Amino acid sequence: MKESDLLVAEAPVCSCSRGDHLPITMFAFAAPPVGSFVGVGKSRIKSYAFERNSEVNADGRQASLDKIRERLLKVELSVSAYDTAWVAMVPSTRFPRTPYFPECVDWIIDNQHSDGSWAPTHHKLSFTTNIQHKLSFTKDALSSTLACVLALRRWNVGEEYVKKGLSFIGSNFSSMNEQQISPVGFSIIFPGMINYALEMGLDLPLSECDIDALFSMREVELRREAEENSVGSKAYLAFVAEGLCGIQDWQEVMSYQRKNGSLFNSPSTTAAALCHIRDDKSLNYLSSILQKFGRSVPTTYPLEIHTHLSMVDKLERLGVSLYFIHDIRRILDRVYRCWVESDEEIYSNVATCALAFRVLRMHGYDVSSDALSPFADARHFKNTVQGHIRDLNAVIELYKASQVQISPEEPVLKKLNSWVTHFLEEELDNNAINSLDFSQEVDYILRFPFYANLERLEHKRNIEHCNLDNMQMLKTSFVCSMNSNDLLELAVAAFSSSQLIYRKELQYLESWVKESKLDQLGFSRQKETYCYLSAAATLFSSELSSARLCLAKGGVLTTLVDDFFDGGGSSEELANLIKLVEKWHGIHENEFCSEKVKIIFFALQNTVVELAAKAYLFQKRDVTNHIIKIWLAMMSSMMKEADWLKNNTVPTVDEYMTHAIPSFALGPVILPSLYFVGPKLSEDSIASSEYCNLFELVSKLGRLLNDIQGSERDKGEGKLNYLSLLVLHGKGSFSEEDARRDAWSLIESTRAELLGLVLQNKGSIVPRECKEVFWKMSKVLHLFYRNNDGFSSPKEMVGAVNAVVHEPLKFYFVFCKFYIYNNKYLFYLFATNSNIIYKIKSLMKKNVSYTTFLFIYTLYEKKINYLICNFNEPLTNYNYYYVVRALLLSVHLLPIFTNAWRIGDNISFLALYNFLGISNSPL
Numbered sequence: 001m002k003e004s005d006l007l008v009a010e011a012p013v014c015s016c017s018r019g020d021h022l023p024i025t026m027f028a029f030a031a032p033p034v035g036s037f038v039g040v041g042k043s044r045i046k047s048y049a050f051e052r053n054s055e056v057n058a059d060g061r062q063a064s065l066d067k068i069r070e071r072l073l074k075v076e077l078s079v080s081a082y083d084t085a086w087v088a089m090v091p092s093t094r095f096p097r098t099p100y101f102p103e104c105v106d107w108i109i110d111n112q113h114s115d116g117s118w119a120p121t122h123h124k125l126s127f128t129t130n131i132q133h134k135l136s137f138t139k140d141a142l143s144s145t146l147a148c149v150l151a152l153r154r155w156n157v158g159e160e161y162v163k164k165g166l167s168f169i170g171s172n173f174s175s176m177n178e179q180q181i182s183p184v185g186f187s188i189i190f191p192g193m194i195n196y197a198l199e200m201g202l203d204l205p206l207s208e209c210d211i212d213a214l215f216s217m218r219e220v221e222l223r224r225e226a227e228e229n230s231v232g233s234k235a236y237l238a239f240v241a242e243g244l245c246g247i248q249d250w251q252e253v254m255s256y257q258r259k260n261g262s263l264f265n266s267p268s269t270t271a272a273a274l275c276h277i278r279d280d281k282s283l284n285y286l287s288s289i290l291q292k293f294g295r296s297v298p299t300t301y302p303l304e305i306h307t308h309l310s311m312v313d314k315l316e317r318l319g320v321s322l323y324f325i326h327d328i329r330r331i332l333d334r335v336y337r338c339w340v341e342s343d344e345e346i347y348s349n350v351a352t353c354a355l356a357f358r359v360l361r362m363h364g365y366d367v368s369s370d371a372l373s374p375f376a377d378a379r380h381f382k383n384t385v386q387g388h389i390r391d392l393n394a395v396i397e398l399y400k401a402s403q404v405q406i407s408p409e410e411p412v413l414k415k416l417n418s419w420v421t422h423f424l425e426e427e428l429d430n431n432a433i434n435s436l437d438f439s440q441e442v443d444y445i446l447r448f449p450f451y452a453n454l455e456r457l458e459h460k461r462n463i464e465h466c467n468l469d470n471m472q473m474l475k476t477s478f479v480c481s482m483n484s485n486d487l488l489e490l491a492v493a494a495f496s497s498s499q500l501i502y503r504k505e506l507q508y509l510e511s512w513v514k515e516s517k518l519d520q521l522g523f524s525r526q527k528e529t530y531c532y533l534s535a536a537a538t539l540f541s542s543e544l545s546s547a548r549l550c551l552a553k554g555g556v557l558t559t560l561v562d563d564f565f566d567g568g569g570s571s572e573e574l575a576n577l578i579k580l581v582e583k584w585h586g587i588h589e590n591e592f593c594s595e596k597v598k599i600i601f602f603a604l605q606n607t608v609v610e611l612a613a614k615a616y617l618f619q620k621r622d623v624t625n626h627i628i629k630i631w632l633a634m635m636s637s638m639m640k641e642a643d644w645l646k647n648n649t650v651p652t653v654d655e656y657m658t659h660a661i662p663s664f665a666l667g668p669v670i671l672p673s674l675y676f677v678g679p680k681l682s683e684d685s686i687a688s689s690e691y692c693n694l695f696e697l698v699s700k701l702g703r704l705l706n707d708i709q710g711s712e713r714d715k716g717e718g719k720l721n722y723l724s725l726l727v728l729h730g731k732g733s734f735s736e737e738d739a740r741r742d743a744w745s746l747i748e749s750t751r752a753e754l755l756g757l758v759l760q761n762k763g764s765i766v767p768r769e770c771k772e773v774f775w776k777m778s779k780v781l782h783l784f785y786r787n788n789d790g791f792s793s794p795k796e797m798v799g800a801v802n803a804v805v806h807e808p809l810k811f812y813f814v815f816c817k818f819y820i821y822n823n824k825y826l827f828y829l830f831a832t833n834s835n836i837i838y839k840i841k842s843l844m845k846k847n848v849s850y851t852t853f854l855f856i857y858t859l860y861e862k863k864i865n866y867l868i869c870n871f872n873e874p875l876t877n878y879n880y881y882y883v884v885r886a887l888l889l890s891v892h893l894l895p896i897f898t899n900a901w902r903i904g905d906n907i908s909f910l911a912l913y914n915f916l917g918i919s920n921s922p923l
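The sequence shown begins at 1 in full-length UniProt numbering and counts up one residue at a time.
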């Protein structure tokens, strides 16, 4: 296979796009075509990057991107009936028997549901992300409904609405249980509202036993808080003050008032206080919300900064942030201004503060970790409301923030990381996390910290576990802004299209190995798939094909040369190879001392010549000599280490590290690939101390990780490494365990220094895109040496390769609306079997969960497959056949088919089965 045959850039795109592509409209989006090089010295094909706010090839994709962009820039919060009801109860300052905000009373009357409740509307739109059970929001619905009933009764309006609301409460009260999600403060607030209802003379449809049980629950909770009597406990009781029924000191509650006039940014708490005391700032706060949202209010406000940051974070976690670079920059510029101005919206919320710190720092903004010092101690964190209620989302954000160390001297982050890690491990070990989503997230981030997580693996995991609900819980549940379906469709299309590219690139790499005769060298490890993983999982953008192949080829060749110097070649052959590389030009046949040297040299020479020719198109200068120098530096250090081993020489630790850095062989892997990542890399940049430091730091990381994981193997082979040299030169004062601790400490400080250099803007002359390659390679190294030497752990590495390159997305946890319930063609297929039609009819009537549907599918899998194979609908309906067959071939793809996928559109089955990885076409 020639590289000229490698159409790396040609992912399936819409038929209106440039070039001859398979028409495919199964996705709302298709990855833009990205040019690659076709052979050495040929002209460069025009390269299309991911959408960077510029030209878009398909009108449909442009409209969809614009839709996401609009939602990205505009924060929308769901309406809270609960909070609106409390605002409706605020009396007029002039006429206390009338509401200050009558528009809220009108909203309550106009928005009662047919079942009599005022449950949040997003409950009905929610699709569970938990395949074990669908979480119930009964308590949320009861709390919101009772609050609205109280508001109407307070002003003696809407008697019929009150009756319907009470009927709903009576019908659903008995379905409450401890396993259901509870709004924050429910055990205090709901019994408190019951008490208010009794004082108002409402005839509650509850037994005295039920009411007593509620009051008892409330007393137990209040007694527990009184016994604790901590700063966090007092803040929490102020936050849920509306449920305290007159036993609260409202002046003390007002001590928590913020600059915007609110209490905890909570309309309900603020409104409850205004029912007892007058405060103009608080009234202005509520008035400003209604001016923005109309006749209703959200459950928390403001939330713009946190929402925007969450959106940016989600775009990056799904691997689609490159489509919105300029939008993200505008958002972060605004957030940074707020950070510098010590905006209360950031610093008053633990999760927002931690999230802002992490996202801003990782984007190169100058933010100090001192901002997190109030949470560096677990005791201080518990003094906040979020700490007191053990807000897991806040702790997760603190954990992620604690890992973004850019200097060995950041004690705040080290201290923070210590307690949050212990906290999360305890929660996980004690099964204290009720949410399956949270439990899986905590387990994942503990096993794969951000510095040891390959981007493409993380993207895939986040797509497969994408939470479509986007729902959060305070005193009531709420959702904000971004429709996850839009993002999910974009992420699915981008990831799936990129896999087609990766597979072609890997096929080319494997053919290159054979054409170069590298597979004939029996002494070498054949690990081209692992080398390609390092490239695809980090340099994942479609446009970076040349960089990926350069990095992968460098990995294959350095592995080969490392094995050659590590026993695969004789001393004569090693010296011969170095001499040939030094000469480079005018090599004659008789200058090779062996066939092995000949194969290695020509593979190296051809590759360097090819890369230099391509790099010239990017850099407009010849980089051949630079690449040769990189290879010679590596080989010289390898030769030195071979001499040490041969002569039983024991170097000092400093001598060892001086040669261990280049001999770790990252130079020929990383440095040439920098020429292909985008910006021009000047000779001044290459000669700079910054460039050298970046290379030395990442190589040092790799060497230390390798020496730790390979210490036992090296000891058995009689080789020296960093740990054994520390012990030897310690002369009895340094144990193996001491050496291991020293190495891990050095790894942590080196990693922080590397990240700091990558994120540094001031005085930097190496382009940011190039610096990020060093950091991404460090992540590869951390994953590679996570448990052992990656080459020695084939199962784990093969799994990673398959996940990134071969295996299609598997939607275990993504459940969304699917056409199976209302599409007559799909229904027809199932209806041809009487047993199946009975089951499906029942499912359609009950609209049951997808878990149940998958169970039914499993029972009848063979019969359905038989029916599909014998499906004889007219040709015009083959599109339905394709969709159904895809569904049946991969159950896990079921939830992909959302309303956004037009089932009636024409679908190219060839492109579809390529995407699914189906080996044989059924046509």
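Even glycine gets a Cβ: it sits at the ideal position worked out from N, Cα and C. Source: prediction; values computed, not measured.
Just measuring C-alpha positions, the residue of R456, Y82, H465 and H422 sitting nearest Q440 is H465. Contact between the stretch 92–111 and the stretch 144–159 is present, with at least three C-beta pairs closer than 8 angstroms. When C-alpha distances from Q499 are compared across F173, L533, V184 and D562, the shortest belongs to L533. Within its own chain, the residues whose Cβ lies closer than 6 angstroms to the Cβ of I630, once the five positions on either side in sequence are excluded, are G667, P668 and L671, listed in chain order.
The alpha-carbon separation between I747 and E489 amounts to approximately 39 angstroms.
Checking the DSSP bridge columns, you'll see F478 partnered with Q472. Where P668 is concerned, the enclosing alpha helix (DSSP H) starts and stops at G667 to I670. Partner residues in a beta bridge of L757, as assigned by DSSP, do not exist. Here the stretch 370–379 makes no contact with the stretch 324–336; the two share fewer than three CB pairs at distances below 8 angstroms. In terms of Cβ geometry, G569 and H459 do not form a close pair [threshold 8 angstroms]. Bridge pairing for P408: absent [DSSP]. A direct Cα-Cα distance of roughly 20 angstroms separates M797 from D443.
With a minimum length of 3 residues, there is no unbroken run of beta strand (DSSP E) contained wholly in the stretch 326–407. Judged by DSSP in its simplified three-state form, P298 adopts coil rather than helix or strand. Put simply, the backbone Cα of E178 is about 27 angstroms away from that of V350.
The secondary-structure analysis by DSSP pairs L77 across a beta bridge with C480. DSSP places M657 inside the alpha helix (DSSP H), whose first and last residues are V653 to S663.
Residues of the same chain with a CB within less than 7 angstroms of the CB of L424, apart from the 5 flanking positions on each side, are V395, Y399, V442 and L446 in chain order. Sequence-distant Cβ neighbours of N462 in its own chain, meaning closer than 7 angstroms and more than five residues away, are R317 and L318. Comparing alpha carbon positions, the residue from G730, L701, G702 and R768 closest to K680 is R768. Just so you know, the alpha carbons of A642 and S368 end up roughly 46 angstroms apart.
In this structure, H588 lies away from T652, with their beta-carbon atoms at least 8 angstroms apart. By alpha-carbon distance to S78, the top candidate from S511, N470 and Y365 is N470.
Looking at the DSSP output, P91 sits in a beta bridge with P99.
Relative to L274, the option among I305, P298, A241 and K292 whose CA is nearest is A241. Between P183 and S143, the CB-CB gap stays under 8 angstroms. In the same chain as A665, and ignoring 5 residues on each side of it, the C-beta atoms closer than 6 angstroms to its own belong to T558, D562 and M634, in chain order. With respect to the 8 angstroms criterion, S64 and D327 are not classified as neighbours on the basis of their beta carbons. Between E690 and I627, the CB-CB gap reaches or exceeds 8 angstroms. Under the DSSP definition of a beta bridge, L263 partners with Q257.
The beta carbon of L726 sits closer than 7 angstroms to those of V653, F734, A739 and D742, all from its chain and outside the five residues before and after it, given in chain order. By the 16-neighbour rule on beta-carbons within 10 angstroms, L198 is exposed. I181 sits close to K139, with the two beta carbons spaced by under 8 angstroms. Going by beta carbons, L360 and E397 fall outside the 8 angstroms limit.
Going by beta carbons, G201 and K164 fall outside the 8 angstroms limit. S266 has its alpha-carbon roughly 10 angstroms from the corresponding atom of Y285.
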